[in-house]
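One structure is given here, and the rest of the page talks about it.
Numbering (the working numbering), first residue to last: 5 to 139.
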C-alpha cells in the first residue's frame, strides 16, 4: 500500500473519481509526482488523503494503481506533455483535457498551480500515477 496526500482543492474530483464507471470530466484518477525512492506499482492499493501528517488528515478513499509512467511537463510558449518518453500532447484541446483529468479547470489553471508550488519552473519531470476505483 502506498499513500498520497493532496491539497483540499482536489478532494471533490478525487472522490468523484473513486466512483465506478468510465472517467468523465470532474473526476481525478491520476497524480503527477516528483521521483522518489518508491512510488506505487500497478496492482497495488493506494490510499488517497488530504492533510496527511496534520490534525486535519482525512482519508478520501482507496484505489488500485493501474500505471506509474514517467512524465515531463513543458511550460512556457510551447507547452507540451510527454508521457513515457513520447510527445503526447501539444494542442490546446489535448492539454486542456489532460489538465481537467488531473483536477484543474484547464491548462492555464494547471500552469498557475505549478508556478505557485514550484516557483518559475519551465519544465517538470516525474511520475504520473494513475488509478481505478477498487471493485
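C-beta atoms are modelled at their ideal positions from N, C-alpha and C, and glycine is treated no differently.
Boundaries (first-last residue) of the beta strand (DSSP E) holding residue i
i: residue 137; result: 127-137
Residues that DSSP places opposite residue i in a beta bridge
i: residue 86; result: 76 and 91
i: residue 6; result: 50
i: residue 35; result: 133
i: residue 71; result: 134
i: residue 66; result: 51
Candidates the options: closest to residue i by CA position
i: residue 139; options: 91, 29, 68 and 16; result: 68
For residue i, the first and last residue of its enclosing alpha helix (DSSP H)
i: residue 49; result: Looking at the DSSP string, residue 49 is not in any alpha helix (DSSP H); the run it does join, the beta strand (DSSP E), is 49-54.
i: residue 104; result: 96-105
Chain C contact for residue i (CB, 8 Å cutoff)
i: residue 59; result: In summary, chain C is missing from the structure at hand, where a single protein chain is found.
Local Cβ density within 10 Å of residue i, reported as buried at 16 or more and exposed below that
i: residue 35; result: buried
i: residue 15; result: buried
i: residue 93; result: buried
Notebook entry, point to check: Any contact of the stretch 125-132 with the stretch 34-41, i.e. 3+ C-beta pairs under 8 Å?
Noted result: yes
Item checked: Contact between the stretch 47-60 and the stretch 80-99 (3+ Cβ pairs under 8 Å) -> no
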